[in-house]
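Per full-length UniProt numbering, the very first residue in the sequence shown carries number 1; after that it's consecutive. Read the structure below first, then the notes.
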Amino acid sequence: MTPAAERQARRVARYYRWLDGISFFKARRAAGEEAHPVHRALRDPAGGPPSPLVIHRLMLEGLALPPAPRVLDAGCGYGATMLDLAPSLGGDWTGLTLSPEQRRRGNAAIAAAGLEGQARILLRSYDAPPPGRYDLIYGIESLIHSADPAATIGNLAAALEPGGFLLVVDDMPVAAMPEEARARLAGFRAFWRCPVAPGRDGWRAALEAAGLEVVAERALNPLLLVRGMAELRGRIATLRRQRRLLRLLGLGVRLEAEIGGLWLETLQTEGFVEYRVMVARRPG
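See the structure below:
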């Protein structure tokens, strides 16, 4: 990894030490799930209940994977995506996280599900993927933390088998927005430790520069569960007052995470940030 990537990995690892297991993530947990999905719930176009698991089906639509794919989850959290997909898709699954607590809980959930020989979570940066080639690599709301998204995409693309797929599911700011919205975007990036946060064109350029062909993409904002702007602004104002006090005690990180998420929700509601899935394929 580059020095910048190493510094960012340490920064994100410290961030997740604060956040692991707090109510902010528990609120995003779907009922009955053993590992906490730390990505957001979506409405189900097929008519099922809203769930963080909906994205798993949507991101794989139309993908022709081999019968037993080798899969890399680049920023796996507690491993919920692997737990959901590995039993039905088969193959071999590796998840990467910078959080020892996420690795511990996730591997315990994998063992409880009887998947120890099929899936595992490693304490490792996605900027240094494990040796070998993969048929499918994906990052769900994780690659946005990269200090150099183009380099990260290049590293992951190099680990793809010919014909393999790289999926980016993330929040992508639009190019044009008013200054007030841009200030909220800057606050979100700072509070969620996302130094670059590329837009759609930035991710597409990074994928193409890595020699991949973008074969599908979809904006998912209509499926997001968002609140009214008045409710969001009121909650943000309350949390910012609380944060000022907690910062004096060195305890402001958890509130920063929630404020950043609320700022992001306002930007999604107004259309200034698109929640998108982009699918790229390595020729071969």
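Cβ atoms here follow ideal geometry from the backbone N, Cα and C, with glycine treated the same way.
Buried/exposed call for residue i, threshold 16 Cβ in 10 Å
i, result
"G32", "No answer about G32 holds up, because its pLDDT of 38 lies below 50 and its placement is not dependable."
"G271", "exposed"
"A209", "exposed"
"V215", "exposed"
"P67", "exposed"
"M229", "exposed"
"R103", "buried"
"L123", "exposed"
"P69", "buried"
"T266", "buried"
"A111", "exposed"
"A46", "exposed"
"E141", "buried"
"G75", "buried"
"A181", "buried"
"G211", "exposed"
"R189", "buried"
"R243", "buried"
Which listed residue (the options) has its alpha carbon closest to that of residue i
i, options, result
"P198", "F165, D170 and V215", "D170"
"Y15", "P222, V253, G164 and P69", "V253"
"T97", "P173, S125 and A219", "S125"
"R57", "R240, R281, R235 and L220", "L220"
"G260", "V277, R233 and A280", "R233"
"V54", "L255, M229 and L224", "L224"
"R7", "L60, A74, H145 and T94", "H145"
"R240", "E256, R227 and V226", "E256"
"A186", "G75, E141, W263 and A176", "W263"
"R184", "G132, L19, N155 and T269", "T269"
"A109", "G117, L83 and Q118", "L83"
"M1", "W203, G154, E179 and Q118", "G154"
"R276", "A13, R17 and H39", "H39"
"E201", "V273, D44, M59 and E61", "Just to set this straight, residue 201 is Asp in the shown sequence, not Glu. For D201, the nearest C-alpha among the options comes from V273."
"G164", "R282, L156 and G62", "R282"
"G132", "N107, E213, D92 and S88", "D92"
DSSP-derived helix/strand/coil call for residue i
i, result
"T97", "strand"
"R235", "helix"
"A216", "strand"
"L143", "helix"
"A74", "strand"
"G164", "strand"
"L225", "coil"
"G284", "coil"
7 Å Cβ cutoff met for residue i and residue j
i, j, result
"P129", "A80", "no"
"P195", "A147", "yes"
"R105", "Y138", "no"
"P52", "A41", "yes"
"residue 287", "R10", "Lying outside 1 to 284, the shown extent of the chain, residue 287 is not represented and no answer is given."
"L72", "Y134", "yes"
"A280", "L136", "no"
"D127", "T94", "no"
"A206", "P162", "no"
"M278", "E217", "yes"
"L143", "V174", "no"
Residue i CB to nearest heavy atom of the ligand ATP below 6 Å
i, result
"A5", "Looking at this structure, you won't find the ligand ATP or any other ligand, since it has none at all."
Run of the alpha helix (DSSP H) containing residue i, from where it starts to where it stops
i, result
"E208", "R200 to A209"
"D84", "A80 to L89"
"P3", "P3 to L19"
"M59", "V54 to L60"
"P149", "P149 to A157"
"R189", "E179 to F191"
"R254", "V253 to E270"
Boundaries (first-last residue) of the beta strand (DSSP E) holding residue i
i, result
"E274", "V273 to R281"
"E116", "Taken as a continuous stretch (DSSP letters only), E116 belongs to no beta strand (DSSP E), as it is neither H nor E."
CB contact check: residue i to chain C, cutoff 7 Å
i, result
"S146", "No chain C is part of this structure, which consists of one protein chain only."
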